[in-house]
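Peer 1: 10 is the number of the first residue of the sequence shown in the working numbering; add one for each residue after it.
Glycine included, every Cβ here is placed at the ideal spot set by N, Cα and C.
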Amino acid sequence: MPRHERSRQLTGTRASIASAAARLMVEDGITDYHLAKRKAARQLGLTEHVAFPDNAEVEAELRAYRALYQGEEHEEMLAAMRQSALDLLELLADFHPYLTGSVLDGTAGEHSNIDILLFADSAKEVEIFLLNRGIDVEHADPRNERVEAVLVMETDTVDANLVIMSPQLERVSLKHRDGRARERVRSDALRALLSE
Numbered sequence: 010m011p012r013h014e015r016s017r018q019l020t021g022t023r024a025s026i027a028s029a030a031a032r033l034m035v036e037d038g039i040t041d042y043h044l045a046k047r048k049a050a051r052q053l054g055l056t057e058h059v060a061f062p063d064n065a066e067v068e069a070e071l072r073a074y075r076a077l078y079q080g081e082e083h084e085e086m087l088a089a090m091r092q093s094a095l096d097l098l099e100l101l102a103d104f105h106p107y108l109t110g111s112v113l114d115g116t117a118g119e120h121s122n123i124d125i126l127l128f129a130d131s132a133k134e135v136e137i138f139l140l141n142r143g144i145d146v147e148h149a150d151p152r153n154e155r156v157e158a159v160l161v162m163e164t165d166t167v168d169a170n171l172v173i174m175s176p177q178l179e180r181v182s183l184k185h186r187d188g189r190a191r192e193r194v195r196s197d198a199l200r201a202l203l204s205e
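1) Scan the segment 65-125 and note each continuous beta strand (DSSP E) run of 3 residues or more that stays entirely inside, going in chain order.
2) Can you list, in chain order, the residues of its chain whose CB lies under 6 Å from that of leucine 202, leaving out five sequence neighbours each side?
3) Is it right to say arginine 75 is buried, meaning 16 or more other beta carbons lie within 10 angstroms of its own, or is it exposed?
4) I need the straight-line Cα distance from serine 175 to alanine 117, nearest angstrom please.
5) How should leucine 178 be labelled, buried or exposed, when 16 other C-beta atoms within 10 angstroms of its C-beta is the threshold for buried?
6) What first and last residue would you give for the beta strand (DSSP E) that runs through aspartate 145?
7) Compare the Cα-Cα distances from alanine 149 to each of Asn170, Lys133, Arg142 and Leu140 and report the closest residue.
8) Return yes when the Cβ of alanine 60 is within less than 9 Å of the Cβ of alanine 263, no when it is not.
9) Please tell me whether leucine 100 and leucine 108 are closer than 9 Å, where the distance is taken between their beta carbons.
10) Looking only at its own chain, which residues have a Cβ that is under 7 Å from the Cβ of arginine 200, when we skip the five neighbours before and after it?
11) Look at leucine 113 and glutamate 36 and say whether their C-beta atoms are less than 9 Å apart.
12) CB-CB under 6 Å to proline 62, same chain, minus the five flanking residues each way: which ones, in chain order?
13) Pop quiz: aspartate 165 and serine 93 are said to be a contact at Cβ under 8 Å. What is the actual Cβ separation, rounded to whole angstroms?
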């Protein structure tokens, strides 16, 4: 097979996996990109040794799928989730909060959580702050060594992950697993996004 045909076939395979993974994420509530790509490849009858699309490709398909099949309903849900996130950013202002993740980037669905980064000297400080306001939290496992703790709490719309990191890390540019910069915003930028 000529090189350009093989390249085109690989591109088509990656696009098929990205599209199927996006559909699985929406319909089955999968939030882990790698898991969605593996399941999509299996559904398409492909081995796991095929070149998977990167997360940005799946994210683009996820946006396209939501725009095509969920449109206005998704926009309303996203606005409600962003409003809940803004309320949290204001409540937690003492801990230099940032919104990040799918609620910010617009790919959130009904199974997504709000992801808030907090920068505090200790997780206990945040936990005591919340408990003093009658807000119950649960602990979740941190996904990387930079995270001191993850507290999960309920909001009006969905659960929120409060990811607590050392104040020294606030100025560090955080990255996704695939190397892309992780976007994050403060309350003023989120307020502007909501007013668009």
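Peer 2: Looking at the atomic coordinates:
1) 107-109
2) none
3) buried
4) 27 Å
5) exposed
6) Run containing aspartate 145: none; DSSP gives neither H nor E here.
7) Asn170
8) A question about residue 263 goes unanswered here, because the residues of the chain that appear run from 10 up to 205.
9) no
10) Leu95
11) no
12) Arg23, Ile26 and Ala27
13) 5 Å
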